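A.B. asks: The structure that follows is given in the form of structure tokens.
There are 2 protein chains.
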Amino acid sequence: MPEQPAGSRPTLEAVAARAGVSRATASRVVNGGAGVRRPLADKVREAVEELGYVPNHAARSLVTRQSGAVAVIIAEPEFRIFSDPFFEQQVRGISRELTAHDSQLVLLWVEGPGDYDRIARYLGGGHVDGALAFSLHDDDGLPALVHRSKVPTVYGGRPGAGAAAVPYVDCDNRGGARTAVRHLVGLGRERVAHIAGPADQTSAIDRADGYHDVLFDADPALTARGDFTVDSGARAMAELLARAPDLDAVFAANDLMAAGALRVLRERGRRVPEDVAVVGFDDMVTVAEAADPPLTTVRQDIEGMGRLMVRLLMRVLNHGGDRGPGAPASVIMPTELVRRASA
Amino acid sequence: MPEQPAGSRPTLEAVAARAGVSRATASRVVNGGAGVRRPLADKVREAVEELGYVPNHAARSLVTRQSGAVAVIIAEPEFRIFSDPFFEQQVRGISRELTAHDSQLVLLWVEGPGDYDRIARYLGGGHVDGALAFSLHDDDGLPALVHRSKVPTVYGGRPGAGAAAVPYVDCDNRGGARTAVRHLVGLGRERVAHIAGPADQTSAIDRADGYHDVLFDADPALTARGDFTVDSGARAMAELLARAPDLDAVFAANDLMAAGALRVLRERGRRVPEDVAVVGFDDMVTVAEAADPPLTTVRQDIEGMGRLMVRLLMRVLNHGGDRGPGAPASVIMPTELVRRASA
DNA sequence: GGAGTGGGTGGAAGCGCTCTCACGGCGTAC
DNA sequence: GTACGCCGTGAGAGCGCTTCCACCCACTCC
């Protein structure tokens, strides 16, 4: 005989009644069972099973003052979001790790500065315990906004100079770039060019810095700037070829631009890697492996970065959000050179 | 003087006190203000403003038994979310419309059949008021699972035959395909080939049906099958060329495959559109416009479909989820032929 | 053997909100 | 002038849960 009317879900009360214990004890068991003697705990678990009890999240939330949800804030300055495999992998990592922590992923899609109000209200409303955001452009007002809302936040990618000191997860852009350039130099290349990314994105800046770490006296004519798209890479390559026809290697700040460079190189009759060696960054598999020739590039563990963002956030959350001993140090993940045919 | 200790957020109680009304009246105002006289309502609104009051979602949820959240279920049978701009646009539409309805978007990333249990538990747990899912393969077990959980759900794309009758939003795949093929025929083409998509996806089936609607006695040799990827399109094109060297037009079931076809045609020295006219489907801007020559294709309002999914869901939700007079009829959105250079 | 100790258990308060219901005041009708 | 009805408002219950606190009992120690 069911102890509940068919329509509504069983409550903790029902579980307690069925197990012959108080609601308090039932609650203790449901939440891990610490401090409840074995036979009783088993009885409760049995009742939970039989009744198909699932805790009411709202009720729990109300008293614990924790929502069990984390916001993933997606700003959309351009349109490079979900279609960006990079981003997708990161979200997947986040999703997986959040699931492991029994937390929900609430997607907050920011429609532009006009939308900041809504976001602020939402974050300030205590709907989520924490937030995950991505650093995009230097002049983005979002980080400041998020910071003001006091919701513990972890960033993906090193925030620009303007932002307050916040915990973030990034890959070793600078070190990876150094490895790439050193590889090119090790191949005996003497005129190594660089196709840089946008000047207002830290990842691009760091990669350019890595290039200059190795080639500290590099010819300025050997650097051109793109915006991380295939076309911009092609344009930058054409520009470089015009300015420095004698170049014998290119380090592009990402795979997409490297693909664009490859196209131009092919069109101009330069053989890769014989005449010009090319190295990319990111190891976007669909791009790097499909390229002709397959792209030597710097791999980063994108999904791992997503997971790490969550772990970092959880640490902040568990430490009350202040700078305690377990305070949120940022994490830089190592990169790895993947050798294929292009260099 | 603040009526609340600095640490915690103001409650409705505080608002009521400040406005000099009862909690009940304050609540009425916060929820629209129906049945409250003007001066009082204004006083309450003022208090809300001054205190920066934001309703506690958990408390509200507890009594209304509504979560104010909608799950977006993303299954990942293969990796087709990967860089699928289609998907991104749909989610954007969903996000926007959900925001307009003051609902949250909870992302449920399904890791495969092994993950179904977790999803079922989550959906059954009353954490969300409804769900949005996407029909992928015919043999996907997810729809059945979702259906069993009793959570009102709207699908993106017509579910396969196996699924129960559920409300869905789709574009007019069949009609769009007819338009595309008619266009080709109108151009005077007499050997119109079709590169079909996966046989277990309704969108591919419907598009193939549209092709046959116009060319009901089409030569079977003029159809080859791909899997919606660029490479598969190229392979299918090569196959078609081998089987029917005299073909003078191709209708590909999506833009990606059309792009692959374009590549092969170019390699084989066939001029597009002079020798072979090509039409795609989807109007993925980045693909269709960047193609060489730019692709004539069938456009669908993807973001609009996302928005519509939400509206449909809201309708179901407001009607108690049963088949009432306002019951969930599915919606088929019109398509439109976009003429570019390839046909 | 009695008092002290401590862990296990239950009672009950209360999280912040919505909503039913009772009440009071005003307008209308006779 | 009195009776009736209706609209606006407030009191209060209760949503399902966690957790503080008091209580009880078994066990140990003097």
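Those protein sequence lines, which keep their order, are chains A and B. Residue 169 in our numbering sits at position 169 of the first sequence; the count goes up by one each step and never skips. Residue 36 in our numbering sits at position 36 of the second sequence; the count goes up by one each step and never skips. Ideal Cβ positions, reconstructed from N, Cα and C, are used throughout, including at glycine. None of these values were measured; they are calculated from a predicted model.
Beta carbon of residue 229 of chain B, beta carbon of residue 256 of chain B: below 7 Å?
C.D. replies: yes
A.B. asks: In chain A, which residues lie less than 7 Å from residue 59 of chain B when you measure between Cβ atoms?
C.D. replies: 62
A.B. asks: Would you kindly check if the distance between the Cβ of residue 313 of chain B and the Cβ of residue 130 of chain B is under 7 Å?
C.D. replies: yes
A.B. asks: Apart from the five residues on each side of it in sequence, which residues of its chain come closer than 8 Å, Cβ to Cβ, to residue 98 of chain A?
C.D. replies: 70, 104, 105 and 310
A.B. asks: I think residue 295 of chain B touches residue 340 of chain B, with their Cβ atoms under 8 Å apart; what is that distance to the nearest whole Å?
C.D. replies: Sure, about 6 Å apart at Cβ, within 8 Å.
A.B. asks: From which residue to which residue does the beta strand (DSSP E) around residue 338 of chain A run?
C.D. replies: Note, residue 338 of chain A: beta strand (DSSP E), 335–338.
A.B. asks: Since residue 65 of chain A is in the alpha helix (DSSP H), which residue starts that stretch and which ends it?
C.D. replies: Unbroken run through residue 65 of chain A: none, as it is neither H nor E.
A.B. asks: Check this for me: beta carbons of residue 214 of chain B and residue 181 of chain B, under 7 Å apart or not?
C.D. replies: yes
A.B. asks: Nearest chain A C-beta to residue 185 of chain B closer than 7 Å, yes or no?
C.D. replies: no
A.B. asks: Taking all protein chains shown into account, do 16 or more other C-beta atoms lie within 10 angstroms of the C-beta of residue 8 of chain A, making it buried, or fewer, making it exposed?
C.D. replies: exposed
A.B. asks: In the stretch 103–118 of chain B, which residues sit with their C-beta less than 9 Å from some C-beta in chain A, listed in chain order?
C.D. replies: 104, 105, 106, 107, 108, 109, 111, 115 and 118
A.B. asks: Check whether the Cβ atoms of residue 258 of chain A and residue 226 of chain A lie closer than 7 Å to each other.
C.D. replies: Judged by beta-carbon spacing, residue 226 of chain A lies beyond the 7 Å limit of residue 258 of chain A, meaning their Cβ atoms are not closer than that value.
A.B. asks: At which residues does the alpha helix (DSSP H) containing residue 183 of chain A begin and terminate?
C.D. replies: Its alpha helix (DSSP H) spans residues 173–186.
A.B. asks: What does the alpha-carbon distance come out to for the pair residue 178 of chain B and residue 150 of chain A?
C.D. replies: 55 Å
A.B. asks: Go through the stretch 262–336 of chain B residue by residue and report every complete run of the beta strand (DSSP E) that reaches 3 residues or more, in order.
C.D. replies: 277–279, 297–300 and 331–333
A.B. asks: Taking residue 210 of chain B and residue 203 of chain B to be in contact with their CB atoms under 8 Å, please state how far apart those CB atoms are, rounded to whole angstroms.
C.D. replies: Wrong, their Cβ atoms sit about 11 Å apart, outside the cutoff.
A.B. asks: Using the beta-carbon of each residue, which ones in chain B are nearer than 9 Å to residue 125 of chain A?
C.D. replies: Within chain B, the residues near residue 125 of chain A are 9, 54, 55, 56 and 57.
A.B. asks: Which residues does DSSP list as the beta-bridge partners of residue 170 of chain A?
C.D. replies: Note: residue 170 of chain A sits in a beta bridge opposite A/332.
A.B. asks: I want to see whether chain B comes within less than 7 Å of residue 95 of chain A, judged by CB atoms only; does it?
C.D. replies: yes
A.B. asks: Using a 10 Å radius around the Cβ and a threshold of 16 neighbouring Cβ atoms, would you call residue 81 of chain A buried or exposed?
C.D. replies: Note that residue 81 of chain A scores 46 on pLDDT, short of 50, meaning its location in the model is unreliable and no value can be drawn from it.
A.B. asks: Let me check one thing: in DSSP terms, what residues is residue 134 of chain B bridge-paired to?
C.D. replies: B/156
A.B. asks: Can you tell me whether residue 87 of chain B is buried or exposed, with buried defined as 16 or more other CB within 10 angstroms of its CB?
C.D. replies: In this structure residue 87 of chain B is buried. Its beta-carbon is surrounded by 16 or more other beta-carbon atoms within 10 angstroms.
A.B. asks: For the 8 Å Cβ check, are there 3 or more pairs between the stretch 234–249 of chain B and the stretch 263–274 of chain B?
C.D. replies: yes
A.B. asks: Identify the contact partners of residue 92 of chain B in chain A, using a Cβ-Cβ distance below 7 Å as the criterion.
C.D. replies: Per Cβ cutoff of 7 Å: 109.
A.B. asks: Can you list the residues of chain B that residue 23 of chain A reaches, using a CB-CB cut of under 7 Å?
C.D. replies: Those within 7 Å of residue 23 of chain A in chain B number zero; the least Cβ separation is about 16 Å.
A.B. asks: Taking residue 52 of chain A as the reference, which of A/123, A/17, A/274 and A/10 has the closest Cα?
C.D. replies: A/10
A.B. asks: Considering only residues of the same chain and omitting the five flanking positions on each side of residue 36 of chain A, which have a CB-CB separation below 7 Å?
C.D. replies: Result list for residue 36 of chain A: 25, 28 and 29, in chain order.
A.B. asks: Just verifying my parser: in three-state terms, what is the DSSP assignment at residue 223 of chain A?
C.D. replies: strand
A.B. asks: So, is residue 38 of chain B buried or exposed, given that buried needs 16 or more other C-beta atoms within 10 angstroms?
C.D. replies: exposed
A.B. asks: Could you tell me which chain A residues have their CB closer than 9 Å to the CB of residue 121 of chain B, listed as they occur along the chain?
C.D. replies: Result: 54.
A.B. asks: State yes or no: is the C-beta of residue 343 of chain A within less than 7 Å of the C-beta of residue 273 of chain A?
C.D. replies: yes
A.B. asks: Give me the residue from B/251, B/46 and B/156 with the minimum Cα distance to residue 308 of chain B.
C.D. replies: That would be B/156, whose Cα lies nearest to the Cα of residue 308 of chain B.
A.B. asks: Quick one: grab the DSSP three-state call for residue 104 of chain A.
C.D. replies: strand
A.B. asks: Closest by CA to residue 75 of chain B, which one among B/269, B/291 and B/107?
C.D. replies: B/107
A.B. asks: Going straight from the alpha carbon of residue 147 of chain B to that of residue 90 of chain B, what length do you get?
C.D. replies: Here the C-alpha atom of residue 147 of chain B lies approximately 22 Å from the C-alpha atom of residue 90 of chain B.
A.B. asks: Ordered along the chain, which non-local residues of its own chain (more than five positions away) have a Cβ less than 8 Å from that of residue 65 of chain A?
C.D. replies: 126
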